[in-house]
Amino acid sequence: MALDPLAGQPAPRTVLTNIPRLVAAYYAYKPDPENPAHAVSFGTSGHRGSSLKHNFNEDHILAISQAIAEYRRAQGIAGPLYLGMDTHALSEPAMMSAVEVFAANEVTTVLQTGLGYTPTPVISHAILTFNRG
Numbered sequence: 139m140a141l142d143p144l145a146g147q148p149a150p151r152t153v154l155t156n157i158p159r160l161v162a163a164y165y166a167y168k169p170d171p172e173n174p175a176h177a178v179s180f181g182t183s184g185h186r187g188s189s190l191k192h193n194f195n196e197d198h199i200l201a202i203s204q205a206i207a208e209y210r211r212a213q214g215i216a217g218p219l220y221l222g223m224d225t226h227a228l229s230e231p232a233m234m235s236a237v238e239v240f241a242a243n244e245v246t247t248v249l250q251t252g253l254g255y256t257p258t259p260v261i262s263h264a265i266l267t268f269n270r271g
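Going by our numbering, the letters in the sequence shown line up with residues 139 to 271, in that order.
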């Protein structure tokens, strides 16, 4: 594997992400349902996309969270929903959007104390522990 020429060097401004712009776009940009590039895309570890490309925006998270709440209700799932966030810049805004939807739907939601970052195995362990009773 070739070594990147920037390895071990400070990143030049041209490759840095403008985090305030990314967060602003999460709330401001609206996906166009007729544009396939704006569609939700799930990867092996969850929703993939960028607010700057209109494919990871608050509208997406609100709709996904509402669908989860409705599915849980239809299936009679009454236990808590465990929700975590990682270090990606949009993780906290997305979590807050999801929490609002779950609260409005009276879904008991469990979050990391202090809104800390939560690795997926920690969420899995909490669910397994809860299900064991």
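Where is the CB? At the ideal position from N, CA and C, for every residue including glycine.
ask   = Taking one C-beta from the segment 186-195 and one from the segment 155-164 each time, how about it: are there three or more such pairs within less than 8 Å?
value = A contact exists between the segment 186-195 and the segment 155-164.
query = How should residue 180 be labelled, buried or exposed, when 16 other C-beta atoms within 10 angstroms of its C-beta is the threshold for buried?
reply = Walking along the sequence shown from the start, residue 180 turns up at place 42. By the neighbour-count rule (16 or more Cβ atoms within 10 Å), residue 180 is not buried but exposed.
Residue 245 beta carbon less than 7 Å from that of residue 219 = As a position in the sequence shown, residue 219 is number 81, starting the count at 1. As a position in the sequence shown, residue 245 is number 107, starting the count at 1. Cβ atoms of residue 219 and residue 245: closer than 7 Å.
For residue 179, the first and last residue of its enclosing beta strand (DSSP E) = Start at 1 with the first residue of the sequence shown, and residue 179 comes out as number 41. Per DSSP, residue 179 belongs to the beta strand (DSSP E) from 179-181.
query = At which residues does the alpha helix (DSSP H) containing residue 198 begin and terminate?
reply = Indexing the sequence shown from 1 puts residue 198 at position 60. Looking at the DSSP string, the run of the alpha helix (DSSP H) that includes residue 198 is 196-213.
request  = For residue 233, I'd like the list of residues in its chain whose CB is within less than 7 Å of its CB, leaving aside the five on either flank, ordered along the chain.
outcome  = Sequence index remark: in the sequence shown, residue 233 carries index 95 (1-based). For residue 233, where only same-chain residues beyond five positions count, the Cβ hits under 7 Å are 221, 223.
ask   = So who's on the other strand from residue 247, going by DSSP bridges?
value = As a first step, residue 247 must be located in the sequence shown, where it is residue number 109. Beta-bridge pairing links residue 247 to 219.
When 150, 207, 157 are compared against residue 227, the one with the closest alpha-carbon = The residue given as residue 227 occupies position 89 in the sequence shown. The candidate whose alpha carbon is nearest that of residue 227 is 157.
query = Mind checking residue 176: buried by the 16 CB within 10 Å criterion, or exposed?
reply = On the sequence shown, position 38 is the one that residue 176 refers to. So residue 176 ends up on the buried side.
key: Segment limits, alpha helix (DSSP H) that includes residue 233   = What you label residue 233 is simply residue 95 of the sequence shown in a count that begins at 1. Note, residue 233: alpha helix (DSSP H), 229-242.
message = Out of 142, 207, 258, which one is the CA nearest neighbour of residue 242?
response = Here residue 242 refers to the residue found at position 104 of the sequence shown. Closest option to residue 242, Cα to Cα, is 207.
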